[in-house]
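Those protein sequences? They're chains A and B, same order as listed. Each residue of the first sequence is one higher than the last, beginning at 1 in UniProt numbering. Each residue of the second sequence is one higher than the last, beginning at 1 in UniProt numbering.
Protein chains: 2
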Amino acid sequence: MSILSAESSGELEPERVALAGLLRACEPPSAALVRYVQGHGPEAAWQAVLARRAPRAVLSATAARVDGVDPAVLVARAEADLVAAARVGARLIGPPDDQWPGAAVSAFAGAMARGVRGAGPPLALYVRGRPLTGLPDRAVTVVGSRASSPYGTRVAGEMAYELARAGSVVVSGAAFGIDTAAHRSALQVVRSAPDEPRSVTVAVLACGIDRAYPEANRDLLDLIARHGSVVSEYPPGTVPARHRFLVRNRLIAAFGAATVVVEAGRRSGTLSTAAAAEQLGRMVMAVPGPVTSAMSVGCHLLLADRFAQLVTGADDVLTALGRTGRTGRLESRAVPGPHDGAVPGEDPRHPTDGLEPTNARVYDAFPTRGSTSVHELVVESGLPAATVMGALAVLQLHGLADQDGPQWRRVRPDRGTPPRQIG
Amino acid sequence: MSILSAESSGELEPERVALAGLLRACEPPSAALVRYVQGHGPEAAWQAVLARRAPRAVLSATAARVDGVDPAVLVARAEADLVAAARVGARLIGPPDDQWPGAAVSAFAGAMARGVRGAGPPLALYVRGRPLTGLPDRAVTVVGSRASSPYGTRVAGEMAYELARAGSVVVSGAAFGIDTAAHRSALQVVRSAPDEPRSVTVAVLACGIDRAYPEANRDLLDLIARHGSVVSEYPPGTVPARHRFLVRNRLIAAFGAATVVVEAGRRSGTLSTAAAAEQLGRMVMAVPGPVTSAMSVGCHLLLADRFAQLVTGADDVLTALGRTGRTGRLESRAVPGPHDGAVPGEDPRHPTDGLEPTNARVYDAFPTRGSTSVHELVVESGLPAATVMGALAVLQLHGLADQDGPQWRRVRPDRGTPPRQIG
Numbered sequence: 001m002s003i004l005s006a007e008s009s010g011e012l013e014p015e016r017v018a019l020a021g022l023l024r025a026c027e028p029p030s031a032a033l034v035r036y037v038q039g040h041g042p043e044a045a046w047q048a049v050l051a052r053r054a055p056r057a058v059l060s061a062t063a064a065r066v067d068g069v070d071p072a073v074l075v076a077r078a079e080a081d082l083v084a085a086a087r088v089g090a091r092l093i094g095p096p097d098d099q100w101p102g103a104a105v106s107a108f109a110g111a112m113a114r115g116v117r118g119a120g121p122p123l124a125l126y127v128r129g130r131p132l133t134g135l136p137d138r139a140v141t142v143v144g145s146r147a148s149s150p151y152g153t154r155v156a157g158e159m160a161y162e163l164a165r166a167g168s169v170v171v172s173g174a175a176f177g178i179d180t181a182a183h184r185s186a187l188q189v190v191r192s193a194p195d196e197p198r199s200v201t202v203a204v205l206a207c208g209i210d211r212a213y214p215e216a217n218r219d220l221l222d223l224i225a226r227h228g229s230v231v232s233e234y235p236p237g238t239v240p241a242r243h244r245f246l247v248r249n250r251l252i253a254a255f256g257a258a259t260v261v262v263e264a265g266r267r268s269g270t271l272s273t274a275a276a277a278e279q280l281g282r283m284v285m286a287v288p289g290p291v292t293s294a295m296s297v298g299c300h301l302l303l304a305d306r307f308a309q310l311v312t313g314a315d316d317v318l319t320a321l322g323r324t325g326r327t328g329r330l331e332s333r334a335v336p337g338p339h340d341g342a343v344p345g346e347d348p349r350h351p352t353d354g355l356e357p358t359n360a361r362v363y364d365a366f367p368t369r370g371s372t373s374v375h376e377l378v379v380e381s382g383l384p385a386a387t388v389m390g391a392l393a394v395l396q397l398h399g400l401a402d403q404d405g406p407q408w409r410r411v412r413p414d415r416g417t418p419p420r421q422i423g
Numbered sequence: 001m002s003i004l005s006a007e008s009s010g011e012l013e014p015e016r017v018a019l020a021g022l023l024r025a026c027e028p029p030s031a032a033l034v035r036y037v038q039g040h041g042p043e044a045a046w047q048a049v050l051a052r053r054a055p056r057a058v059l060s061a062t063a064a065r066v067d068g069v070d071p072a073v074l075v076a077r078a079e080a081d082l083v084a085a086a087r088v089g090a091r092l093i094g095p096p097d098d099q100w101p102g103a104a105v106s107a108f109a110g111a112m113a114r115g116v117r118g119a120g121p122p123l124a125l126y127v128r129g130r131p132l133t134g135l136p137d138r139a140v141t142v143v144g145s146r147a148s149s150p151y152g153t154r155v156a157g158e159m160a161y162e163l164a165r166a167g168s169v170v171v172s173g174a175a176f177g178i179d180t181a182a183h184r185s186a187l188q189v190v191r192s193a194p195d196e197p198r199s200v201t202v203a204v205l206a207c208g209i210d211r212a213y214p215e216a217n218r219d220l221l222d223l224i225a226r227h228g229s230v231v232s233e234y235p236p237g238t239v240p241a242r243h244r245f246l247v248r249n250r251l252i253a254a255f256g257a258a259t260v261v262v263e264a265g266r267r268s269g270t271l272s273t274a275a276a277a278e279q280l281g282r283m284v285m286a287v288p289g290p291v292t293s294a295m296s297v298g299c300h301l302l303l304a305d306r307f308a309q310l311v312t313g314a315d316d317v318l319t320a321l322g323r324t325g326r327t328g329r330l331e332s333r334a335v336p337g338p339h340d341g342a343v344p345g346e347d348p349r350h351p352t353d354g355l356e357p358t359n360a361r362v363y364d365a366f367p368t369r370g371s372t373s374v375h376e377l378v379v380e381s382g383l384p385a386a387t388v389m390g391a392l393a394v395l396q397l398h399g400l401a402d403q404d405g406p407q408w409r410r411v412r413p414d415r416g417t418p419p420r421q422i423g
């Protein structure tokens, strides 16, 4: 099968008609039908389905839409689907196509082998826009609540923008809220370079490729198709229905190397995307939020159960995926031991920052005003005299202590801010 | 040794003078000194330290404050410490006392056996207020940043109030910010019952029991002593110094069955309390917050490294500790599978909530307006006719579908709110 789309060839290829017909014959996912097509090729499988001579599982999967219908009508509908797709600039691709996201889809094989229900791969995909490249290795799925909070919208936007800027494809579902923020922010990256050839974002629909759902995102979907891709495994004209969002979510999860849940209510459908990602062996990540926000409850559930890795931004995502060159927000992972000389203050500019604990202890043993003797420092710090004298030398070197004959005084560097509470 | 305090006995018990002297002879923690006192009793140990005839490790630990000082002066200082403590209503307790928090302190033995540095138990404790009871089993340590945000202050306050109301003792460090919010909110519980005998909160100081640090919390510390306890292992008059906060933190961690970090900056000293809790075998918990808040970075570090368990409130803490009778905020732990019929909407009152996925799929296959046939539902849903008819019966039972001869129509229950976007 060539890459030529129905639109550019001007004539419908038989294999593509077969795939279109098979897509319409069966509500996805159907592992049985996909396996059958893999074994026999689309045309032979299509003919067998039309003639009702396929294996029992295939006949059962296609019964509702094929039994009793004139095969000529089914073929005509398949051809009409390709024409409807071409009318919105979409082409139908299947596994033999170069553009087929085989690396992303291969995850379903593993999930099926582990007996995961509903893990059937897509049979074929309608694609509008740029080729599907970089899935899943260079892609990150960013999803979340439709009823997102300003906080979630901001975090999703910043994350998607940074991910796209770092070369990742941002995958999402074009819904209101987090999805929209993710797509829009990824598109910001190409705003200054409209001829940039790479795809920055992919939207996977739960309805026909010729539909805009939600309708208010029609312009956004057009933009996505210009600088990325819009994808659907449903025949043109298919309306979005509840179960289709769940089925679609498995593709969203499969397309990214990781699925990041930015905000999700307690019962959010986004959690099903996280579950699908986990079943497909993808990394699941979640952004925490205020515990006072209902929109973060789903994220906190994922994190509390250690189902998801906590991330605070794009850097954390890329670091977890092992592909960052930049400094992660959470890069300093070391939790100080209780006696490792951790600095209790939040102010990084405290004079004793970076000092050995013993030296800091001697510094703290000084009276706030006036001078003191080595003996008094020994008593106050509880450290041996030799240790105190060694510490004084270090403090003097750092300009933190000053000697005047046998007396010592502490030097408090001018920090331009009033002294803070200790501890 | 009796429980009689120096204050009430009117005469200083020799054993208590010995403990006071030993506390002053050595900056805690000193595992060597504690072991020596455990082996020989406080009086014998004190005499040996004064006579400089103790084991090398003990002599070394006490050298800075004992060597070359007249023993009579040291004894006089110890007696003065007990008098100074009594003046603020504090007593000195040691391991033989009934009030000694042996169960909490026993954790140090395990940590020392595992070679944890600085895990020395306290030798004795100055206590103001009520007896130390319920540590650690009925106690929860609530700590966090001094420079807390309004969010952190609110969460700490709600958590401490609910913990105290549920019968827990709230342990903290009396610092500004989270600590203050925790103590104050725990005290709210006894506001209506000032004669309530139980202790609601314990403050562990990094300075002498006769000092108020921070000074602005003097009244708060008095209130804590009235309805709980103020504790210090430092001799009266000891000033708070940097290293003492770190040393004190190990006691705060030891006193609670869990340590909850509500807010912490990246370099917060609170992280040392979390580290101490972990080393002592206590549960470590952290409250997430906005990723845009510097005050939640420390909590997110603990959670990202899976060093801490995520909690969103008192219920989560009590649930994790296995002692709740109430409903936890995160009680619904189940993450729905991608095809388990998860409901994508956040609105818990969607008409198909609680329906089997197949039934919901048929419900969604209805046209938005008007009626439809079973055949059309079969085609739209992609389900076998028998399944569709079974689903229709269920939907009719739930009042979600209505039959008019061969035609069916969907019934949308009046929800008082406009229909939501699907998915």
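Virtual Cβ for every residue (Gly too), placed ideally from N, Cα, C.
Item: 8 angstroms Cβ cut-off: residues of chain A touching Glu27 of chain B; Value: Ser381, Gly382 and Leu383
Item: Interface residues of the region 287-306 of chain A facing chain B [CB-CB below 9 angstroms]; Value: Val287, Pro288, Gly289, Pro290, Val291, Thr292, Ser293, Ala294, Met295, Ser296, Val297, Gly298, Cys299, His300, Leu301, Leu302, Leu303, Ala304, Asp305 and Arg306
Item: According to DSSP, residues forming a beta bridge with Ala90 of chain B; Value: B:Arg128
Item: Contact check, Asp210 of chain B vs Pro236 of chain B, beta carbons under 8 angstroms; Value: yes
Item: Terminal residues of the beta strand (DSSP E) in which Met283 of chain B lies; Value: Met283 to Ala286
Item: Three-state secondary structure assigned by DSSP to Leu135 of chain A; Value: coil
Item: Within chain B, the residues that Thr360 of chain A reaches when beta carbons sit closer than 8 angstroms; Value: The sequence given here places Ala at residue 360 of chain A; Thr does not occur at that position. By Cβ distance, chain B contributes Arg242 and His243.
Item: 7 angstroms Cβ cut-off: residues of chain B touching Val378 of chain A; Value: Ala64
Item: Short CB-CB distance (under 8 angstroms) between Thr259 of chain A and chain B; Value: no
Item: Whole-Å CB distance - Val291 of chain B paired with Thr312 of chain A, under 8 angstroms assumed; Value: 4 angstroms
Item: Within-8 angstroms CB hit, Gly313 of chain B to chain A; Value: yes
Item: Partners in chain B for Leu310 of chain A, counting only beta-carbon separations shorter than 7 angstroms; Value: His300, Leu303 and Ala304
Item: Chain A contacts made by the region 146-168 of chain B, where a contact means CB separation under 8 angstroms; Value: Arg146, Ala147, Tyr151, Arg154 and Val155
Item: Three-way DSSP call (helix, strand, coil) for Ala401 of chain A in this model; Value: strand
Item: Residue-chain proximity (Thr372 of chain B, chain A), Cβ-Cβ < 8 angstroms; Value: no
Item: Distance CB(Gln407 of chain A)-CB(Ser371 of chain A) smaller than 8 angstroms; Value: yes
Item: Complete alpha helix (DSSP H) runs within the region 200-267 of chain B (minimum length 4 residues, chain order); Value: 218-227 and 242-255
Item: Within chain D, the residues that Thr180 of chain B reaches when beta carbons sit closer than 9 angstroms; Value: Among the protein chains in the structure shown, which are A and B, there is no chain D.
Item: Ser332 of chain A, buried or exposed, once every other Cβ within 10 Å from all chains shown has been counted against 16; Value: Since pLDDT at Ser332 of chain A reaches only 38, below the 50 mark, its modelled position is unreliable, and no value is offered.
Item: Exposure of Ala288 of chain A, with buried meaning 16 or more beta-carbon neighbours within 10 Å; Value: It should be pointed out that residue 288 of chain A corresponds to Pro in this sequence rather than to Ala. The residue in question, Pro288 of chain A, is buried, as its Cβ has 16 or more Cβ neighbours within 10 Å.
Item: Chain-order list of residues whose beta-carbon lies under 6 angstroms from that of Leu33 of chain B (same chain, five-residue window excluded); Value: Cys26, Val58 and Ala61
Item: For Thr368 of chain A, three-class secondary structure by DSSP; Value: coil
Item: Same chain, Cβ closer than 8 angstroms to Ala216 of chain B, five either side skipped, listed in chain order; Value: Phe176
Item: Arg114 of chain A (DSSP reduced to helix, strand or coil); Value: coil
Item: Inter-residue Cα distance where the pair is Ala391 of chain B and Val171 of chain B; Value: 56 angstroms
Item: Counted within 10 angstroms of its Cβ, other Cβ atoms place Thr368 of chain B as buried (16 or more) or exposed; Value: exposed
Item: Start and end residues, alpha helix (DSSP H) containing Arg184 of chain A; Value: Ile178 to Arg191
Item: Within chain B, partners of Asp364 of chain A - CB distance below 7 angstroms; Value: Ala241, Arg242 and His243
Item: Extent of the continuous alpha helix (DSSP H) run through Ser172 of chain B; Value: Note, Ser172 of chain B: premise wrong, no alpha helix (DSSP H); beta strand (DSSP E) at Val169 to Ser172.
Item: DSSP-derived helix/strand/coil call for Val49 of chain A; Value: helix
Item: CB contact flag (Gly152 of chain B, Glu263 of chain B, <8 angstroms); Value: yes
Item: Interface partners of Thr352 of chain A on chain B, CB under 8 angstroms; Value: Arg242
Item: Cβ separation of Thr141 of chain A and Phe307 of chain A, assumed to be a contact under 8 angstroms, to the nearest whole Å; Value: In fact, because the Cβ distance is near 15 angstroms, the residues do not count as touching under 8 angstroms.
Item: Option nearest Val17 of chain A by Cα separation, candidates A:Val83, A:Leu302, A:Ala109 and A:Ser106; Value: A:Val83
Item: Rounded C-alpha distance that separates Val394 of chain B from Tyr363 of chain B; Value: 10 angstroms
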